[in-house]
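Participant: First residue of the sequence shown: 10, per the working numbering; consecutive thereafter.
Glycine included, each C-beta is placed from N, C-alpha and C at the ideal position.
Being a predicted model, the structure only gives us computed values, none of them experimental.
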Amino acid sequence: MPSALPPLLPSFCHDLFGILGSLNFDGSVTLEDGYLLRLKTGKKSLLIFCALITRHRKYSDKLMPDIIACVLNIVKYSTNISKLDFSSERIVSLAFDVISHVLETGPGWRLVSPHFSSLLDSAIFPALVMNEKDILEWEEDADEYIRKNLPSDLEEISGWREDLYTARKSAINLLGVISMSKGPPVVTSSNGSSTLSKRKKSEKKNENNRRCSMGELLVIPFLSKFPYSL
Numbered sequence: 010m011p012s013a014l015p016p017l018l019p020s021f022c023h024d025l026f027g028i029l030g031s032l033n034f035d036g037s038v039t040l041e042d043g044y045l046l047r048l049k050t051g052k053k054s055l056l057i058f059c060a061l062i063t064r065h066r067k068y069s070d071k072l073m074p075d076i077i078a079c080v081l082n083i084v085k086y087s088t089n090i091s092k093l094d095f096s097s098e099r100i101v102s103l104a105f106d107v108i109s110h111v112l113e114t115g116p117g118w119r120l121v122s123p124h125f126s127s128l129l130d131s132a133i134f135p136a137l138v139m140n141e142k143d144i145l146e147w148e149e150d151a152d153e154y155i156r157k158n159l160p161s162d163l164e165e166i167s168g169w170r171e172d173l174y175t176a177r178k179s180a181i182n183l184l185g186v187i188s189m190s191k192g193p194p195v196v197t198s199s200n201g202s203s204t205l206s207k208r209k210k211s212e213k214k215n216e217n218n219r220r221c222s223m224g225e226l227l228v229i230p231f232l233s234k235f236p237y238s239l
């Protein structure tokens with residue numbers, strides 16, 4: 010990144026937040042030329058956030074709380090994806106992707122975990138449930154519906170994916186990223202580290218297993234509330 014750019018990042022990102030906050034996701038906006046330009050700028054803004062989080066952590070860490078606040082206000086409109094045009098849905102999809110990117114970073118759990126409940130109930134689940142449009146597409150061509158709505162390889166769940174394009178695919182990927190989250194990093198003192206080094210390997214393994222299941226402990230109870238909906 011050019012040395013002249015980092016001091017300008019906060020004000021630059023603030024402008025991008027303003028553009029994203031001006032977008033409408035209730036499906037009632039006419040796609041005129043001026044608004045289409047705003048949609049394209051909004052899409053580029055989210056791609057910039059993804060790039061900052063992925064490649065420029067030194068400069069983006071301080072901006073992450075504001076980035077998370079911005080994208081959380083977008084993903085809640087996943088309830089309207091059946092009404093959205095492709096460009097608007099793409100922005101909702103990218104907002105999910107930004108959250109996945111943040112979760113893959115060190116401070117990610119601390120920033121996102123306070124919002125897990127509302128994120129699951131008000132954004133991810135609404136993106137997964139079938140609507141009337143889904144039912145029609147399923148009846149017309151089930152194979153094409155699956156190709157369109159599911160990630161191409163569910164075994165490649167990752168916060169770094171950028172090829173999902175639909176809100177549903179991005180929501181599924183984010184659900185996977187949450188389920189694989191290890192929880193908050195454990196910080197120990199030097200004495201604690203010394204003591205830990207003397208423990209048995211089996212105890213370390215058990216501790217790792219407990220941390221690895223942190224995300225699953227959040228996701229599984231959520232899914233169990235909807236046994237017949239997915």
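Which two residues bound the contiguous alpha helix (DSSP H) that contains Glu148?
Facilitator: Residues Glu141 to Glu149.
Participant: Using a Cβ-Cβ cutoff of less than 7 Å, which residues in the same chain neighbour Arg44 once the five nearest sequence positions on both sides are dropped?
Facilitator: According to the sequence as given, residue 44 is Tyr; it is not Arg. Within the same chain, Tyr44 has close Cβ partners Val38.
Participant: Between which two residues does the alpha helix (DSSP H) holding Lys71 run?
Facilitator: Element bounds for Lys71: n/a, residue is neither H nor E.
Participant: Count Cβ pairs between the segment 96 to 104 and the segment 144 to 161 that sit closer than 8 Å; are there 3 or more?
Facilitator: No, the segment 96 to 104 is not in contact with the segment 144 to 161.
Participant: Taking only the alpha-carbon atoms, compute the straight-line gap between Pro264 and Asp106 and give it to the nearest angstrom.
Facilitator: Examination of residue 264 is not possible in this model, given that the chain is present from 10 through 239 alone.
Participant: Apply the 10 Å Cβ neighbour rule to Leu159 and answer buried if 16 or more other Cβ atoms are within range, or exposed otherwise.
Facilitator: Exposed: under 16 other Cβ atoms inside 10 Å.
Participant: Alpha helix (DSSP H) containing Lys53: first to last residue?
Facilitator: Element bounds for Lys53: Asp42 to Arg64.
Participant: Identify which residue in Gly117, Ile155 and Lys53 has its Cα closest to the Cα of Arg66.
Facilitator: Ranking Gly117, Ile155 and Lys53 by Cα distance to Arg66 puts Gly117 first.
Participant: Does the beta-carbon distance from Leu29 to Gly51 come in below 8 Å?
Facilitator: Closer than 8 Å, so yes.
Participant: Since Glu98 and Ala176 are thought to touch, with beta carbons under 8 Å apart, how far apart are those beta carbons, to the nearest angstrom?
Facilitator: Rounded, the Cβ-Cβ distance is 5 Å, consistent with contact.
Participant: Output needed for Leu72: all residues of its chain with C-beta closer than 6 Å, excluding positions within five of it in sequence on either side, in chain order.
Facilitator: Taken in chain order, the residues that qualify are Cys22.
Participant: Would you kindly report the start and end of the unbroken alpha helix (DSSP H) that includes Lys178?
Facilitator: Unbroken alpha helix (DSSP H) run through Lys178: Ala176 to Ser188.
Participant: Quick check on DSSP: helix, strand or coil for Val38?
Facilitator: Three-state result, Val38: coil.
Participant: Please report the Cβ distance between His110 and Cys59, rounded to the nearest whole angstrom; I am assuming they are in contact, meaning their Cβ atoms lie under 8 Å.
Facilitator: 5 Å between Cβ atoms; contact.
Participant: Please state whether DSSP places Lys209 in a helix, a strand or coil.
Facilitator: Confidence in Lys209 is poor, its pLDDT being 46 and thus under 50, which makes the residue's placement too unreliable to answer from.
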